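There are 2 protein chains.
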Amino acid sequence: MTRRLAFLGPRGTNAEEAALRYDPSAELVPFPGISAVAAAVDSGMADGGVVPIENSLEGAVTETLDVLIHDAKLAICIELVLPIEHFLLAKPGLKAADVRRVYSHPQALAQCRGFIERCFPKAEMVAALSTAAAVEEMMQRDDSAAVGNKRAAEIYGAEVLARDIQERRGNVTRFVVLAANDHPPTGSDKTSLAFAFAVEDRPGLLVGALEEFSSRGINLSKIESRPSGDRLGTYIFLADVDGHRTDPALAEALERIQEQCSYFRILGSYPRYQKSG
Amino acid sequence: MTRRLAFLGPRGTNAEEAALRYDPSAELVPFPGISAVAAAVDSGMADGGVVPIENSLEGAVTETLDVLIHDAKLAICIELVLPIEHFLLAKPGLKAADVRRVYSHPQALAQCRGFIERCFPKAEMVAALSTAAAVEEMMQRDDSAAVGNKRAAEIYGAEVLARDIQERRGNVTRFVVLAANDHPPTGSDKTSLAFAFAVEDRPGLLVGALEEFSSRGINLSKIESRPSGDRLGTYIFLADVDGHRTDPALAEALERIQEQCSYFRILGSYPRYQKSG
């Protein structure tokens, strides 16, 4: 049976491209927001949901973290890493000299500001709700370009005026596939968890928890604190560690940490992303 | 002499409101981006610069963290915490029934999506580069509303159709004032630092550093990892601890940590924010 994958739409986003790389034979269904993707998986409408979790320039995608923290029915079953390349797109035939406006999501505009200001000093930057929406909007005008990805160019029939126009190299986004269950052990796994303490502001609580990993030789590859939403200063910690939650040493460390926490949730164990090619 | 404060513009942003609360007698100068504010302070054009560093719903403002990590001439000299209230604004006289479009920055639209969909089910949401730009744009149209703050309503002469329309309570933003020097000790201080290790993926490096605080009874109030920008998986850690960098115990802990790091920078010691009123 064909797998049905929900993704953060509209068509032409980087999430769609990540979903295609993950499973080219899946049926891909766009949803208008990260929590809508989560709801599609929760309700069985989709077998998995592809959402961004972290960008190397912009940091964490907080909406995805919040879904993982609060939605106990979902787990991470796969991570995918996609290089993000911004293209300057326009209607076929439009000359660069005729570009008066450049559309995109504010984040994409910010990442390409240097290029746009150098090459189109008089163009006005115009915000759109997504890079895909920017391309769609641009295609209705005769004086505009848009910053978007290659897939949006294909879908909307746009021409590539310039490629790889972002300021900094190494712009990659990590996506995760949300599903009802995480992944069985493969021998090269990662485990993500979220936890919080009831007593705030007591020195050593976080360090004590992290020592459960280091004392067992378990590498902590990432730690992040996220405001709990009630008020600044009360944090939920998100950590990635090496190994699968069923590995005996990691299982023991997780159990010890859970005992010290007021909130504790394993977000999933899944294969560590391996760069292919 | 009047203090000159740069802030993240345009006029009518929350950064301007934070700057006004910090020093009502200062001369306020808007700059178009966070790095432009930093450059204004670096070059002596302004005595201080007010930029957002963290929002309780959205998380860290990564551009500000990057400025602090990379610009060795700047320090945090004050933190300010501002409650964020979103208002639905329109041209005076416009009836709610005539609203066909709602303008704002995509983040503000996302935070108010529930209200907009409930009360204006047929209105189109339109992206703008900032909430202030959204209000300015909306004022030129007879069928639109915008999500913005109270100050933007005053500046652009807009009317408040609805107040406090965001989904979740407790939306606060922490701002910092960047300056050439941090703050002398007051007895109730915080210190922010950034650090990274040369050897990656070795268990216990981060925990070892944090133990320098916990073993001295110093509370760690925040920890965050930020992709270094080169590639995902290489992180710079950002931490907030209690105390001033000149306190003997904290000074000793910072020295020990610096010895273990390939990158180390004290971002500043400054008074802990006290809620007034």
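Same order as they appear, the protein sequences are chains A and B.
Letter by letter, the first sequence follows residues 1 to 277 in the numbering used here.
Letter by letter, the second sequence follows residues 1001 to 1277 in the numbering used here.
Glycine residues also receive a C-beta, built at the ideal position from the N, C-alpha and C atoms.
Model, not experiment: these values are computed from the prediction.
- Reducing DSSP to helix, strand and coil, say where T246 (chain A) ends up. Walking along the first sequence from the start, residue 246 (chain A) turns up at place 246. In the structure shown, T246 (chain A) sits in coil (DSSP, three-state: anything other than H, G, I, E or B).
- Message: Do A1239 (chain B) and I1223 (chain B) count as a contact pair if the criterion is CB distance below 8 angstroms?
- Response: Translated into positions along the second sequence, residue 1223 (chain B) becomes position 223. Translated into positions along the second sequence, residue 1239 (chain B) becomes position 239. Result yes, Cβ atoms of I1223 (chain B) and A1239 (chain B) sit closer than 8 angstroms.
- Message: Beta-carbon within less than 8 angstroms of R216 (chain A)'s beta-carbon, same chain only, minus the 5 sequence neighbours each way: which residues are those?
- Response: For the purposes of this step, residue 216 (chain A) is taken as the residue at position 216 of the first sequence. Once the five neighbours on either side are set aside, the close Cβ partners of R216 (chain A) are A249, L250, E252 and A253.
- Message: So within the segment 1177-1227 of chain B, which uninterrupted beta strand (DSSP E) runs reach at least 3 residues, ignoring any that extend past its ends?
- Response: 1189-1196 and 1220-1227
- Task: Starting from I1223 (chain B), find everything on chain A with Cβ-Cβ shorter than 9 angstroms and list it in chain order.
- Result: Locating residue 1223 (chain B) in the second sequence gives position 223, counting from the first residue. Within 9 angstroms Cβ-Cβ: L206, I223, E224, S225, Y235 and F237.
- What residue does the alpha helix (DSSP H) around Y1156 (chain B) start on, and which one ends it? Locating residue 1156 (chain B) in the second sequence gives position 156, counting from the first residue. Unbroken alpha helix (DSSP H) run through Y1156 (chain B): K1150 to Y1156.
- Message: So L129 (chain A) contacts chain B; which residues on that side make the cut at Cβ distance below 9 angstroms?
- Response: Reading the first sequence from its first residue, position 129 is the one you call residue 129 (chain A). Simply P1106, L1109, M1125, V1126 and A1127.
- Query: How far does the beta strand (DSSP E) with M125 (chain A) in it reach, from first residue to last?
  - Reply: Here the question's residue 125 (chain A) lines up with position 125 in the first sequence. Taken as a continuous stretch (DSSP letters only), the beta strand (DSSP E) holding M125 (chain A) covers E124 to A127.
- Message: Are the CB atoms of P1106 (chain B) and R227 (chain A) within a distance shorter than 8 angstroms?
- Response: Stepping through the first sequence from its first residue, residue 227 (chain A) is reached at position 227. Stepping through the second sequence from its first residue, residue 1106 (chain B) is reached at position 106. One point to set straight first is that residue 227 (chain A) is Pro, not Arg, in the sequence displayed. For P227 (chain A) and P1106 (chain B), no; Cβs fall outside 8 angstroms.
- Item | In DSSP terms, what P1032 (chain B) is bridged to | As a working note, residue 1032 (chain B) is residue 32 in the second sequence. In DSSP, P1032 (chain B) forms no bridge with anything.
- What does S144 (chain A) pair with, by DSSP beta-bridge criteria? Counted from its first residue, the first sequence places residue 144 (chain A) at position 144. Its beta-bridge partners are A:R101.
- Message: Any C-beta of chain B within less than 7 angstroms: which residues of the segment 55-67 of chain A qualify?
- Response: S56, L57, E58, G59, A60 and T62
- Message: Under 8 angstroms, Cβ to Cβ, is there at least one residue of chain B near N211 (chain A)?
- Response: Working through the first sequence from its first residue, we reach residue 211 (chain A) at position 211. It is Glu, not Asn, that sits at residue 211 (chain A) in the sequence shown. Closer than 8 angstroms to some Cβ of chain B, the Cβ of E211 (chain A) qualifies, so yes.
- Message: Applying the 10 Å Cβ sphere with the 16-neighbour rule, what's the burial state of D1098 (chain B)?
- Response: Indexing the second sequence from 1 puts residue 1098 (chain B) at position 98. So D1098 (chain B) counts as exposed.
- Coil, strand or helix - V61 (chain A) by DSSP: The sequence position of residue 61 (chain A) within the first sequence is 61, counting from 1. Looking at V61 (chain A) - three-state DSSP - the assignment turns out to be coil, as it is neither helix nor strand.
- Query: Who are the neighbours of S1214 (chain B) on chain A, taking C-beta pairs under 8 angstroms?
  - Reply: Translated into positions along the second sequence, residue 1214 (chain B) becomes position 214. Within 8 angstroms Cβ-Cβ: P203, G204, V207 and G208.
- Message: On the DSSP bridge list, what partners appear for V1160 (chain B)?
- Response: Locating residue 1160 (chain B) in the second sequence gives position 160, counting from the first residue. Its beta-bridge partners are B:L1089.
- Exposure label - A1145 (chain B); buried when at least 16 CB within 10 Å: Numbered from 1 along the second sequence, position 145 holds the residue referred to as residue 1145 (chain B). Per the 10 Å Cβ criterion, buried.
- Along the chain, where does the beta strand (DSSP E) that runs through C1077 (chain B) open and close? To locate residue 1077 (chain B), count along the second sequence from 1; it is residue 77. Taken as a continuous stretch (DSSP letters only), the beta strand (DSSP E) holding C1077 (chain B) covers A1075 to P1083.
- Message: Just to confirm my understanding: we take V172 (chain A), look at its own chain, exclude 5 residues before and 5 after, and list those with CB closer than 7 angstroms. What are they?
- Response: Reading the first sequence from its first residue, position 172 is the one you call residue 172 (chain A). Answer for V172 (chain A): S56, V81, L82, P83 and I84, listed in chain order.
- Among B:A1123, B:G1114 and B:L1068, which one has its Cα closest to the Cα of D1182 (chain B)? Position 182 of the second sequence, counted from the start, is the residue given in the question as residue 1182 (chain B). The option with the nearest alpha carbon to D1182 (chain B) is B:L1068.
- Just to check, is the beta-carbon of Y22 (chain A) closer than 7 angstroms to a non-hydrogen atom of the ligand NAD? Here there are no bound small molecules, and the ligand NAD is not part of this structure.
- Task: Taking all protein chains shown into account, decide if Q140 (chain A) is buried (16 or more other Cβ within 10 angstroms of its Cβ) or exposed.
- Result: Sequence index remark: in the first sequence, residue 140 (chain A) carries index 140 (1-based). The residue in question, Q140 (chain A), is exposed, as its Cβ has fewer than 16 Cβ neighbours within 10 Å.
- For K1122 (chain B), which option in B:R1113, B:A1128, B:S1130 and B:L1129 has the closest C-alpha, if you only look at C-alpha atoms? Numbered from 1 along the second sequence, position 122 holds the residue referred to as residue 1122 (chain B). The option with the nearest alpha carbon to K1122 (chain B) is B:R1113.
- Item | the segment 1124-1138 of chain B / the segment 1159-1178 of chain B touching (three or more Cβ pairs under 8 angstroms) | no
- Is T1191 (chain B) near V1241 (chain B), with beta carbons less than 8 angstroms apart? Walking along the second sequence from the start, residue 1191 (chain B) turns up at place 191. Walking along the second sequence from the start, residue 1241 (chain B) turns up at place 241. Against a cut-off of 8 angstroms, the Cβ pair of V1241 (chain B) and T1191 (chain B) comes out as a contact.
- From what residue to what residue does the beta strand (DSSP E) around R1265 (chain B) run? The residue given as residue 1265 (chain B) occupies position 265 in the second sequence. Y1263 to P1271 is the extent of the beta strand (DSSP E) around R1265 (chain B).
- Item | Local conformation of M1 (chain A) per DSSP, three classes | What you label residue 1 (chain A) is simply residue 1 of the first sequence in a count that begins at 1. Here M1 (chain A) sits in coil by DSSP.
- Task: Give a yes or no on whether the C-beta atoms belonging to Y1235 (chain B) and A1196 (chain B) are separated by under 8 angstroms.
- Result: The residue given as residue 1235 (chain B) occupies position 235 in the second sequence. The residue given as residue 1196 (chain B) occupies position 196 in the second sequence. Closer than 8 angstroms, so yes.
- Item | Secondary structure of D1071 (chain B), DSSP reduced to three states | In the second sequence, the residue the question calls residue 1071 (chain B) occupies position 71. Coil at D1071 (chain B), not helix or strand.
- Message: Taking the straight line between their C-alpha atoms, what separation do you get for G1059 (chain B) and T1013 (chain B)?
- Response: As a position in the second sequence, residue 1059 (chain B) is number 59, starting the count at 1. As a position in the second sequence, residue 1013 (chain B) is number 13, starting the count at 1. Looking at the two C-alpha atoms, the distance is approximately 18 angstroms.
- Query: Of the choices A:V126, A:L161 and A:Y270, whose alpha-carbon is the least far from that of F87 (chain A)?
  - Reply: Residue 87 (chain A) sits at position 87 when you count from the first residue of the first sequence. Per the Cα distances, A:L161.
- Query: Under a three-way DSSP split, which group does L238 (chain A) fall into?
  - Reply: On the first sequence, position 238 is the one that residue 238 (chain A) refers to. L238 (chain A) falls in the strand class under three-state DSSP.
- Give the DSSP-derived three-state secondary structure of N1055 (chain B) in the structure shown. The residue you call residue 1055 (chain B) lines up with position 55 of the second sequence. Three-state result, N1055 (chain B): strand.
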